[in-house]
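Shown next, in structure tokens, is the structure this report addresses.
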Amino acid sequence: MGNSPDKDKPKEPEPPKEPGLFGQLSNGYDQLVNAIIRPPRAQYQESQLGPSEFSFVGKQFRRSDFDVVNPRGMNLKCSHWEPVERPMTELPCVIYMHGNSSCRVEAVTVLSSLLSGGMTVLAMDFAGSGLSDGEYVSLGYYEKDDLAAVVDHLRQSGSVSTLGLWGRSMGAATALQHGDRDPSIAGMVIDSGFTSLEVLSKELVDMARNQGHTIPGFAVSIAMSMIKSSVKKKAKFKVEDLNPIAHVDRCFIPAIFVHGREDNFIAPHHSEEMHQHYAGDKQLMLVDGDHNSARPGYILDTASIFLHNALRVDDACCPDLGLEHQVAAGLPPWRQSGGRAQGVAGGFLHSMEYESFESVEMPGQEVQSSPAKESVASEVQMMVDMGMDAEQAENALLMNHGNVDLALAYLFEHQADITKPPPVYTDTEEPDATEQEPNPSTAPDTQPAPSHDDQSEAPL
Numbered sequence: 003m004g005n006s007p008d009k010d011k012p013k014e015p016e017p018p019k020e021p022g023l024f025g026q027l028s029n030g031y032d033q034l035v036n037a038i039i040r041p042p043r044a045q046y047q048e049s050q051l052g053p054s055e056f057s058f059v060g061k062q063f064r065r066s067d068f069d070v071v072n073p074r075g076m077n078l079k080c081s082h083w084e085p086v087e088r089p090m091t092e093l094p095c096v097i098y099m100h101g102n103s104s105c106r107v108e109a110v111t112v113l114s115s116l117l118s119g120g121m122t123v124l125a126m127d128f129a130g131s132g133l134s135d136g137e138y139v140s141l142g143y144y145e146k147d148d149l150a151a152v153v154d155h156l157r158q159s160g161s162v163s164t165l166g167l168w169g170r171s172m173g174a175a176t177a178l179q180h181g182d183r184d185p186s187i188a189g190m191v192i193d194s195g196f197t198s199l200e201v202l203s204k205e206l207v208d209m210a211r212n213q214g215h216t217i218p219g220f221a222v223s224i225a226m227s228m229i230k231s232s233v234k235k236k237a238k239f240k241v242e243d244l245n246p247i248a249h250v251d252r253c254f255i256p257a258i259f260v261h262g263r264e265d266n267f268i269a270p271h272h273s274e275e276m277h278q279h280y281a282g283d284k285q286l287m288l289v290d291g292d293h294n295s296a297r298p299g300y301i302l303d304t305a306s307i308f309l310h311n312a313l314r315v316d317d318a319c320c321p322d323l324g325l326e327h328q329v330a331a332g333l334p335p336w337r338q339s340g341g342r343a344q345g346v347a348g349g350f351l352h353s354m355e356y357e358s359f360e361s362v363e364m365p366g367q368e369v370q371s372s373p374a375k376e377s378v379a380s381e382v383q384m385m386v387d388m389g390m391d392a393e394q395a396e397n398a399l400l401m402n403h404g405n406v407d408l409a410l411a412y413l414f415e416h417q418a419d420i421t422k423p424p425p426v427y428t429d430t431e432e433p434d435a436t437e438q439e440p441n442p443s444t445a446p447d448t449q450p451a452p453s454h455d456d457q458s459e460a461p462l
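For the sequence shown, counting from 1, position 427 maps to 429 in this note's numbering; every step adds exactly one.
The structure is reproduced here in structure tokens:
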């Protein structure tokens, strides 16, 4: 019997089958898990940290690189920038902490502001980041122990006096989780922090759905269970145990909270909620930009002035006490022109003033007449939005020729009433008329605490 002609024909390819529920979830949740514990790892050369020795504001500085071993036995790559000629044995130091897919190179953008303010700067690659050991990051869960190891190293070295923390994203979460167990930290800058990983993970699931990832609406709870299971299996911690907001009501270190208004990875409400519940002196600064936007110069300067005061930096530590050099905030110190200041420093220029600000005159500067009140109205509003008293802000601006940076420095130096800022409202919200001013007699007797080009970072 012959073969049927139909049997000799090649079979038509079957259309691809729609993935089942588990398949749809896997397509999306794998990417979310990686965004949490294994974002793209920053690759860099040590040359990107700048020269090992350089001149800045008329002084010589050096960078020393070394390893610190964390409690899990992993080597952490660290860099410490400090003056070659130390004015005293122990110098104040700020530890800068990077985001989840970044590295210690991120600290380069804050060096000029901090070094010119008389502080040394230490930055590290967290475990699982940059050139340090480790496969996964944990968004602050294990990083807080990395930080503790670095703090112990600095204190045992006998080379540092007061310590401050400046963290962004994952680094911000790390600072908050360390602060309540180490009250000797003098001040913290918390940029783009998050309240809890569980809340953030749910928001990432929603964001993934909005961006077209195949996570059915009714399966979000299943996706969350899969994310938690995968994180625990790979990175060895529970998502629900990473809860920075649980630390803020018992942390009394003066702190500035900074957040980008257009941040759609970690929404601004995270910083707003943590600021609301924070126990110590606090300041909230919402700025234009998203999660990875470079912070404007006035934010870098304001944060540096705050840390300078919180760390009680001695005048002898300040390399340019006479303000002879202009410094562009955000520009690496070895790329600064080093020229003498001409006119009033402002915008992205250096604004770290330490002496009497009523009559600051710089070389080659013509004394300007005081501006009219109407001409500083927008600057007054900007400072009010930062939490300043309107009358104090206006007076400081008029004394300093309308320059916001100089006015801020004046208020910090004179310890103006900036520790209890007004609530932050959206454009459509109005203040509650029933809100009462805090009783000054019950305010804590602590230092006033008001409030960078991040490498492009995964959504955390």
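All residues carry an ideal CB built from backbone N, CA and C; glycine is no exception.
Quick caveat, the model's predicted, so the values are computed rather than measured.
- A check of alpha carbon separations from A174 across I192, R157, P41 and S163 identifies I192 as the nearest.
- For the pair of segments examined, the region 78-98 was found to touch the region 62-69: the number of CB pairs separated by less than 8 Å reaches three.
- Burial state of K146 is buried, judged by a 10 Å Cβ sphere holding 16 or more other Cβ atoms.
- Residue environment analysis places T176 among the buried positions, since at least 16 neighbouring C-beta atoms fall within 10 angstroms of its C-beta.
- Secondary structure of L78 (DSSP, three-state): strand.
- Unbroken alpha helix (DSSP H) stretches of 4 residues or longer found wholly inside the region 80-139: 110-117, given in chain order.
- In the three-state reduction of the DSSP assignment, D182 falls in the coil class.
- For M276, the enclosing alpha helix (DSSP H) has its first and last residue at H271 to H279.
- Taking a cut-off of 8 Å for Cβ pairs, the region 135-153 and the region 239-256 touch, as three or more such pairs fall below it.
- Cβ-Cβ distances below 7 Å link G52 to R65, V110, P334 and W336 in the same chain, with the five nearest sequence neighbours on each side left out; the list follows chain order.
- Between V382 and L399, the C-beta spacing is below 8 Å.
- In the DSSP assignment, I258 falls within the beta strand (DSSP E) that extends over A257 to G262.
- The alpha-carbon of S115 is positioned some 7 Å away from that of L302.
- By the CB criterion at 8 Å, C95 and L156 fall inside the cutoff.
- Across the structure, G291 and G262 are spaced so that their CA atoms are roughly 5 Å apart.
- For D208, the closest C-alpha among the options F267, Q394 and N311 is that of F267.
- The beta carbons of W168 and A305 sit closer together than 8 Å.
- Residues of the same chain with a CB within less than 6 Å of the CB of P89, apart from the 5 flanking positions on each side, are A318 and C319 in chain order.
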